[in-house]
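Heads up: the sequence lines are chains L and E, in that order.
FYI, UniProt numbering numbers position 112 of the first sequence as 112, with every residue one higher than the one before it.
FYI, UniProt numbering numbers position 420 of the second sequence as 420, with every residue one higher than the one before it.
C-beta: ideal position from N, C-alpha, C; glycine also.
Values in this document were obtained by computation on a predicted structure and should not be read as measured data.
First the structure, in the form of structure tokens, and then the observations on it.
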Amino acid sequence: MRFFLIFCLLSTAFCAVKFAGDSEVHDEAHIKQHLENKIEVEKLTEDQQKFHYFSMHDLNKDNQIDGIEIMKAITHDHSSQTELGHGLGNPVTHEEEMIGLVDSVLHDLDANNDGFIDYAEYNRKR
Amino acid sequence: MTAKALAVVLAALLGVVVAQNNPVFKKFEYKHSFKAPNLAQRDGSIPFWLVSGDALASGEQLRLAPSMRSRKGIAWNKRAFTESENFQIDVSLKITGQGRIGADGLGIWYTSQLGSLGPVFGANDFWTGMGLFLDSFDNDGQKNNPQVSLMLNDGTRSYDHHTDGSQQILSSCQRDFRNKPFPVRVRIEYMKNVLTVHIDDGMQQTKRERLSIGLKEEKSLDKKKENMVEERKNWIFSVAFGGLTRVSAATGGLADDHDILDYSVFSLFNEQQKPAQTNTQLPQAEKQKYDEEFERQMKEYEAERAKFKEQHPDKVKEDEFEDPNKYYEDATARELRLIYESQNAIHQVMQNMDQRLQQIQQSQLAGGAQIQPQTGGQAVPAIGGGFQQHEKNEVMQSLRDLSTTIRDMKQYVNEIFTKTYNLEQRWGQSAPSGGAGGGVDSSMHQKVDSLLNELRAVRATQIQQVSGTGAAGAGNCPNISCISSTLFLVIIFMQSVVIVVVIFLRGRPEKPKFY
């Protein structure tokens, strides 16, 4: 039982995808997955990577990213290819942990503390 | 809705929103909200929310009650709202049904306990807190539904469905929120013990593009203010802090789909309560720069997309969310669109065929001088100096082959046709007498019946005969019953032996006489 707990903690710690970290923003393969069937991508410039990373997580296209969208960015993956589960995130198992993750992102990026990250706030930290 | 929130937030970025003559700061609280797209997780749950009853969360919406009779569903936030004393809840919802009237309605709640399934628009009775009801069905016959009403409860009263709570609600207004082309947006704002409810008419679509800062949208909202009664002020204040928000819906004999597309909760702060900002504000110039940068990138992206669409029209999957008309359409509109799209596809195919036909015609005309007109059907392009003899032969040969195969096919088809025709005829004949099987059965039955009768007659006579021999003894034919063939043979044999012996004996005494 204890080993199991430790394993859980470790796995969540390792799997914890951060949001808007350097490696994520410049993960071109992942961005390309999102842009598939949308535009022709060969090579993205640094600016384009930044823009597309922001844009693909702005799910409701209101040009800003809120806590829910951060959460969905962390929980989503591309393993499920079925139409049904497409785009839906994996279930959050540890809510407190998730809150910690999202809050730290918001704390870092949300300069005016309104719960939204706009493009300017997102860029300032880059 | 999101656009509205955006307007507010952008305004907040500038510093202030003037509402009730006080500066208000808003903060989006993601722990108490959910929104489409990808509203639900893969297992159908919503983070920080509990969904129960007939409520069903999917990627596009939370369906609290489906359009089936007597369903109820509820979803409540697991976390108490402790971020601030004042709050704002923006809800985008759709209540749609086939009927002219619908039922039962939808409730948006702010209560001090967790909810459970119950009779009041899907939620429990005797609640503590406030409930905003979108009541579709006219229970009391006052012709004032669909109505929007607000009711407070201290946990002792039971909602009176038969009067639509008309004696219990604080106030109400009549507003049609059913079957609107776009989601109806409801904003509940609780600030300084005053609760304000805004409802829009669902006739404009939410602007998804970047909004210029301004509050002009506020004007388009149909305003309805419900100021609490003086005595209630403190009471609701004490209940409100740390309460739980939830949504519920129910259907009755009539049924509507009750969908929530967006449920955004904001905490409100006035100047004094305003939380310390974690980082220094962005300088205005810098923000401007990034906004322009974003605009530029967006334009670039859209241009790229348009280009891509032109190049690969087959690959492009229409992003549902980026086409708001598609996203917010209702069932009939969807059907219409599907018909329209398929018609378009047919049209395209027809056009293609037309083009091909013209090509063929042209090639036929070009090659007409050299070859027979029937080769036109083969669509052989006439190249240069026309056909060589062997080519011509080949073409003729293939044509012949083709025509034979076609003839074969025609035969097959004819055969199939005659067979089906026969079958049909047979069905048609036997149809009046109750189907082919029935006809055969009845004739067979008759025959079998007559056979049986005959059999019975034969049997009866046999039995009679048998009993007759038993009773009358040798009266009829004693020989048959008394003597068997072996006995008969033995007797014959013995007789013949006797005759032989007699002849032998007769012959013997004479012989000595001659000696």
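> Taking Cβ to Cβ, would you say E/R69 is nearer than 8 Å to E/A255?
Replying inline: As a working mapping, residue 69 of chain E is identified with position 69 in the second sequence. As a working mapping, residue 255 of chain E is identified with position 255 in the second sequence. In this structure, E/A255 lies closer than 8 Å to E/R69 by Cβ.
> Shortest alpha-carbon distance to E/Y110 belongs to which of E/I499, E/N124, E/I101, E/F294?
Replying inline: Residue numbering aside, residue 110 of chain E sits at position 110 when the second sequence is read from its first letter. It is E/N124.
>> Given this structure, state the Cα-to-Cα distance separating E/E293 from E/G97, to the nearest angstrom.
In response: Your numbering for residue 293 of chain E matches position 293 in the second sequence. Your numbering for residue 97 of chain E matches position 97 in the second sequence. Distance between the alpha carbons of E/E293 and E/G97: 45 Å.
>> For the alpha helix (DSSP H) containing E/I46, name the first residue and the last one.
In response: Translated into positions along the second sequence, residue 46 of chain E becomes position 46. Run containing E/I46: none; DSSP gives neither H nor E here.
> When DSSP labels each residue in this structure, what does L/V41 get in the three-state scheme?
Replying inline: Against the first sequence, residue 41 of chain L aligns to sequence position 41. Looking at L/V41 - three-state DSSP - the assignment turns out to be coil, as it is neither helix nor strand.
> For E/K513, which of helix, strand or coil comes out of DSSP?
Replying inline: Working through the second sequence from its first residue, we reach residue 513 of chain E at position 513. A caution first: E/K513 carries a pLDDT of 49, below 50, which makes its placement in the model too unreliable to give a value.
>> Tell me which residues of the stretch 33-46 of chain E have at least one Cβ-Cβ distance to chain L shorter than 8 Å, keeping chain order.
In response: S33, F34, K35, A36, P37, N38, A40, Q41, R42, D43, S45
> Can the beta-carbon of E/N144 be found less than 8 Å from the beta-carbon of E/F137?
Replying inline: On the second sequence, residue 144 of chain E is found 144 positions in, with the first residue counted as 1. On the second sequence, residue 137 of chain E is found 137 positions in, with the first residue counted as 1. No, the Cβ-Cβ distance between E/N144 and E/F137 is not below 8 Å.
>> Residues of chain L with CB closer than 7 Å to the CB of E/K26, please, in chain order.
In response: On the second sequence, residue 26 of chain E is found 26 positions in, with the first residue counted as 1. Going along chain L in sequence order, the residues near E/K26 (Cβ under 7 Å) are D114.
> In the structure shown, what three-state DSSP assignment does E/E189 receive?
Replying inline: Taking the second sequence and counting its residues from 1, the one referred to as residue 189 of chain E is at position 189. E/E189 falls in the strand class under three-state DSSP.
> Can you check whether the CB of E/F308 is closer than 8 Å to the CB of L/E40?
Replying inline: The residue you call residue 40 of chain L lines up with position 40 of the first sequence. The residue you call residue 308 of chain E lines up with position 308 of the second sequence. The answer is yes: Cβ separation under 8 Å.
>> Would E/M203 and E/F182 qualify as a contact pair, given that the criterion is a beta-carbon distance under 8 Å?
In response: Taking the first residue of the second sequence as 1, we reach residue 203 of chain E at position 203. Taking the first residue of the second sequence as 1, we reach residue 182 of chain E at position 182. A contact, by the Cβ cut-off of 8 Å.
>> Suppose you measure from the CA of E/A36 to the CA of L/Y53; what does that come to, to the nearest Å?
In response: Looking up residue 36 of chain E in the second sequence gives position 36. Looking up residue 53 of chain L in the first sequence gives position 53. Their backbone Cα atoms lie some 19 Å apart in a straight line.
> Straight-line CA distance for E/S149 to E/Q167?
Replying inline: Along the second sequence, one-based indexing puts residue 149 of chain E at 149. Along the second sequence, one-based indexing puts residue 167 of chain E at 167. Approximately 11 Å between the Cα atoms of the pair.
> Which residues in the same chain as E/G118 place their Cβ atom closer than 6 Å to its Cβ, once the five residues preceding and following it in sequence are excluded?
Replying inline: Walking along the second sequence from the start, residue 118 of chain E turns up at place 118. Only N124, D125 meet the Cβ criterion.
> With 16 other CB atoms within 10 Å as the buried threshold, where does E/I503 fall?
Replying inline: As a first step, residue 503 of chain E must be located in the second sequence, where it is residue number 503. Exposed is the call here.
>> With a threshold of 8 Å between beta-carbons, can L/Y53 be considered close to chain E, or not?
In response: Residue numbering aside, residue 53 of chain L sits at position 53 when the first sequence is read from its first letter. Not one chain E Cβ lies under 8 Å of L/Y53.
> If we ignore side chains and look at the alpha-carbon of each, how far apart do E/I74 and L/D110 end up?
Replying inline: In the second sequence, residue 74 of chain E corresponds to position 74, counting from 1. In the first sequence, residue 110 of chain L corresponds to position 110, counting from 1. The alpha-carbon atoms of E/I74 and L/D110 are separated by roughly 33 Å.
> Would you report the Cα separation of L/S11 and E/S33, rounded to the nearest angstrom?
Replying inline: Residue mapping note: residue 11 of chain L aligns to position 11 of the first sequence, counting from 1. Residue mapping note: residue 33 of chain E aligns to position 33 of the second sequence, counting from 1. Any reading at L/S11 must be qualified, since the residue scores a pLDDT of 40, below 50, and its modelled position is unreliable; the value itself is stated next. Each residue's alpha carbon lies about 28 Å from the other.
> For L/I117, does the count of other Cβ atoms within 10 angstroms reach 16, so buried, or fall short, so exposed?
Replying inline: The sequence position of residue 117 of chain L within the first sequence is 117, counting from 1. It is buried - the Cβ of L/I117 has at least 16 other Cβ atoms within 10 Å.
> According to a CB-to-CB cut-off of less than 9 Å, which residues of the stretch 74-94 of chain E neighbour chain L?
Replying inline: K78, R79
> If L/V105 and L/I70 are in contact, beta carbons under 8 Å, what's the gap, nearest whole angstrom?
Replying inline: Counting from 1 along the first sequence, the entry for residue 105 of chain L is found at position 105. Counting from 1 along the first sequence, the entry for residue 70 of chain L is found at position 70. With a Cβ gap of about 5 Å, L/V105 and L/I70 count as contacting.
> In three-state terms, what does DSSP make of E/Q446?
Replying inline: As a position in the second sequence, residue 446 of chain E is number 446, starting the count at 1. Residue state, collapsed to three classes: helix.
>> Please state the DSSP three-state secondary structure of E/P381.
In response: Locating residue 381 of chain E in the second sequence gives position 381, where the first residue counts as 1. For E/P381, the pLDDT reaches just 49, beneath the cut-off of 50, and the residue's location in the model is therefore unreliable, leaving the point undetermined.
> Is the Cβ of L/D47 closer than 8 Å to any Cβ of chain E?
Replying inline: Counted from its first residue, the first sequence places residue 47 of chain L at position 47. It does; some Cβ of chain E falls within 8 Å.
> How far does the beta strand (DSSP E) with E/I108 in it reach, from first residue to last?
Replying inline: Here residue 108 of chain E is taken as the residue at index 108 of the second sequence, counted from 1. Its beta strand (DSSP E) spans residues 105-111.
>> Measuring straight from C-alpha to C-alpha, what distance separates E/Q355 and E/H347?
In response: Taking the second sequence and counting its residues from 1, the one referred to as residue 355 of chain E is at position 355. Taking the second sequence and counting its residues from 1, the one referred to as residue 347 of chain E is at position 347. Rounded to whole angstroms, E/Q355 to E/H347 spans 12 Å at the Cα level.
> In this structure, does DSSP put E/V24 in helix, strand or coil?
Replying inline: Residue 24 of chain E sits at position 24 when you count from the first residue of the second sequence. Correct three-state label for E/V24: strand.
> For E/N86, is the classification buried or exposed, using 16 other Cβ atoms within 10 angstroms of its Cβ as the cut-off for buried?
Replying inline: Here the question's residue 86 of chain E lines up with position 86 in the second sequence. Looking at its Cβ environment, which holds 16 or more other Cβ atoms inside 10 Å, E/N86 is buried.
>> Rounded to the nearest angstrom, what separates E/L195 and E/N139 at their Cα positions?
In response: Against the second sequence, residue 195 of chain E aligns to sequence position 195. Against the second sequence, residue 139 of chain E aligns to sequence position 139. C-alpha separation (whole angstroms): 26 Å.
>> What are the residues in the stretch 89-112 of chain L lying within 9 Å of chain E by C-beta distance?
In response: G89, N90, P91, V92, E95, M98, I99, V102, L106, H107, D108, L109, D110, A111, N112
>> Using a Cβ-Cβ distance cut-off of 8 Å, determine whether L/D27 contacts chain E.
In response: By one-based count along the first sequence, residue 27 of chain L stands at place 27. It does not; no Cβ of chain E falls within 8 Å.
> Hey, how far is the Cα of L/L88 from the Cα of E/N77?
Replying inline: By one-based count along the first sequence, residue 88 of chain L stands at place 88. By one-based count along the second sequence, residue 77 of chain E stands at place 77. So the alpha carbons of these two residues sit roughly 20 Å apart.
> CA-CA distance, L/K38 and E/R305?
Replying inline: As a first step, residue 38 of chain L must be located in the first sequence, where it is residue number 38. As a first step, residue 305 of chain E must be located in the second sequence, where it is residue number 305. Roughly 6 Å separates the two Cα atoms.
> Counting along the chain, where does the alpha helix (DSSP H) carrying L/T75 start and finish?
Replying inline: If you number the first sequence from 1, residue 75 of chain L lands on position 75. Where L/T75 is concerned, the enclosing alpha helix (DSSP H) stretches over 67-75.
> Under 9 Å Cβ-Cβ, which residues of chain L neighbour E/F308?
Replying inline: For the purposes of this step, residue 308 of chain E is taken as the residue at position 308 of the second sequence. Within chain L, the residues near E/F308 are N37, K38, I39, E40.
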